[in-house]
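All remarks here apply to the structure that follows.
Residue numbers (the working numbering), protein chains in the order written: chain A, 1 to 292; chain B, 1001 to 1314.
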């Protein structure tokens, strides 16, 4: 009896330690992979604080003599300051977020809640436009906006957002609004609210999590967007940050990586910040609404 | 995947209803509130789409009046534009090698992270971050540097006594640096896989374990079939996205398409034709060809999916 018990206990602890070993191995692998993936980023940040002449001497993540020289040089690299590019990027991104939040939520409310003629047709058209590659409208859009005299203004980048052309977000919010109880609308109607009042005072405040998702993705996509500004903004004083980096690359080639990495690091800052903040917000949204 | 049926309580109006004042008022209110979307859809999506189809049959150089040339642009693509053929090949490799590799990594890590790994949210954030930054010019510039002649990759290889080439400057390797960049962004499909894995009831695994099924069998008979709709969704989504990739190829090749056109993405050739050489008719024809190619592959995907995607009791 006693020996039998002992041997089972021994086997159990053996299995347990094997299990623990596997778990430790798994974590080692995950940590190494995570570090490996983030290494290039960390290296770029380190390089941005390293004197240009030393950058390629080391693969280290700690600059031997940290300096801000790259940032100073990069900021005023070619006549125009990166401050201007950041200002342009912030202006365009804020307007795009405002546009998407207003126009997409309004269209989504109509599709999710109101009855009107040809509704099925318009809804199908909206869904189809999600899958459309941007390139198929790129030339005629350019001709159109050119004829309005909109080249080298923020309008070609911003106006489409106020017209809900990012149908993906319309769809996202339609799905979200459909899950809200209909009784809310009925109660609002009994209280004398028209459709617009119901949208603004009842539905909109409840779609906050979906609005947050929309704002976060609009920010990241617009901030990183390269093709659209490349087409519409040719005057350097109108450049966004990605265009500034591209011009930097063209102008200096391989000669001044330090200042370029400094500006590249700065350009990722807002996205990084938004990622941290929005992630927290989204997790909270998921916890309180039970949304998937 | 989410349902695509139009919202409930929809829309067909009977003659009796049409008469009702309340319905008429709602119809009017709906169209007024839908106006921004309608203007956008007709004015800058559907209208331009039709316009670009028309332009694709013309020779159009922006400042001149378009002249009708029938299928001329389409003939030129396949018969007298070797760069177009190169672009097709480069894009095909990028999409059909890069996307499966990316999804394989995403799937493997989702399996590792599934069910009670301590620190899950931290790992998830770390793996997801590259997906958010990956499309930016900054990362493309960094990539160009890392895979350069004396970049980080070769520094690392030198530790093992290996002498690497200039990866971005060598026609044999340039495209693979772009594929590595795509794989680096495995985080967003990984998150979709994780959400799918969470939907699989753990009783299934318990029951299978009781019946004596090992890990591998449980994976083959439970995880894979139940996850196949998610795999399919990711596949379609990532293929459509990869066809349209532009920024990394532009930045890594300085807009030129790289050595021996080895980084000449379809969209890069389209951009150069339309906005560098102002061959806007030709660019429109290329855009419509892209739409057809994407539609074709998506349709093929849906067709083949009937044989491997498992939808419950169907």
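Cβ coordinates follow ideal geometry from the N, Cα and C atoms, glycine included.
In the DSSP assignment, residue 1089(B) falls within the unbroken alpha helix (DSSP H) covering 1082 to 1093. Within chain A, the residues 131 and 133 have their CB atoms less than 9 Å from the CB of residue 1294(B), given in chain order. The Cβ neighbour count for residue 42(A), taken over all protein chains shown within 10 Å, is under 16; the residue is labelled exposed.
When the Cα atoms are used, residue 1212(B) and residue 1232(B) turn out to be separated by approximately 30 Å.
Contact note: residue 1267(B) reaches chain A through 135, using a C-beta cutoff of 7 Å and chain order.
Under the DSSP definition of a beta bridge, residue 1058(B) partners with 1068(B). The segment 1243 to 1254 of chain B and the segment 123 to 141 of chain A touch, with no fewer than 3 CB-CB distances between them shorter than 8 Å. Secondary structure in the segment 28 to 109 of chain A: the alpha helix (DSSP H) runs of 4 residues or longer, each lying completely within the stretch, are 69 to 75 in chain order.
Residue environment for residue 246(A): buried (at least 16 other C-beta atoms within 10 angstroms of its C-beta).
Taking a C-beta distance under 9 Å as the contact criterion, residue 250(A) and residue 218(A) do not qualify as a contact pair. Against residue 1142(B), the close residues of chain A are 40, 44 and 264, in the order they occur along the chain (beta-carbon pairs closer than 7 Å). Contact between the segment 1209 to 1225 of chain B and the segment 205 to 221 of chain A is absent, with fewer than three C-beta pairs closer than 8 Å. Cβ neighbours of residue 1226(B) within its own chain (closer than 6 Å, five residues either side excluded): 1200. For the segment 182 to 205 of chain A, the beta-carbon criterion of a distance under 9 Å to any beta-carbon of chain B is satisfied by 182, 194, 195, 196 and 199.
Residue 225(A) sits buried, since 16 or more C-beta atoms from the chains shown fall within 10 Å of its C-beta. Proximity of residue 223(A) to chain B, defined by a Cβ-Cβ separation below 9 Å, is satisfied. Contact with chain B is absent for residue 19(A), since none of that chain's Cβ atoms lies less than 9 Å from the residue's Cβ. The beta carbon of residue 103(A) falls within 9 Å of a beta carbon belonging to chain B, placing the residue at that interface. At least one beta carbon of chain B lies nearer than 9 Å to the beta carbon of residue 114(A). One alpha carbon belongs to residue 87(A), the other to residue 191(A), and they sit about 45 Å apart. For the options 1071(B), 1056(B), 1157(B) and 1238(B), the alpha carbon positioned closest to that of residue 1102(B) is the one of 1238(B).
For residue 279(A), the chain B residues whose Cβ falls inside 7 Å of its Cβ are 1125, in order along the chain. The beta-carbon separation of residue 202(A) and residue 186(A), rounded to 10 Å, does not stay under the 8 Å limit for a contact.
The segment 169 to 179 of chain A makes contact with the segment 98 to 105 of chain A: 3 or more CB pairs, one atom from each, lie closer than 8 Å. No Cβ of chain A is located within less than 9 Å of the beta carbon of residue 1074(B). Judged by DSSP secondary structure, residue 131(A) falls within the alpha helix (DSSP H) whose first and last residues are 119 to 131.
Sequence-distant partners of residue 50(A) (beyond 5 residues in either direction) whose C-beta falls short of 6 Å from its own C-beta, in its chain, are 63. Comparing alpha carbon positions, the residue from 1110(B), 1044(B) and 1080(B) closest to residue 142(A) is 1044(B). Taking 9 Å as the CB threshold, residue 267(A) lines the interface with chain B. Using a Cβ distance threshold of 9 Å, residue 1048(B) and residue 137(A) count as a contacting pair. Within 10 angstroms of the beta-carbon of residue 1215(B) lie fewer than 16 other beta-carbons, which makes it exposed. Take the alpha-carbon of residue 1120(B) and the one of residue 1086(B): they are about 43 Å apart. Residue state for residue 250(A) is assigned as helix, using DSSP reduced to three classes.
The alpha-carbon of residue 1067(B) is positioned some 29 Å away from that of residue 129(A). Residues of chain B with a Cβ closer than 7 Å to the Cβ of residue 165(A) are, in chain order, 1040, 1044 and 1045.
Around residue 61(A), the same chain offers 42, 43 and 46 as residues with beta carbons nearer than 7 Å, after the five sequence neighbours per side are excluded.
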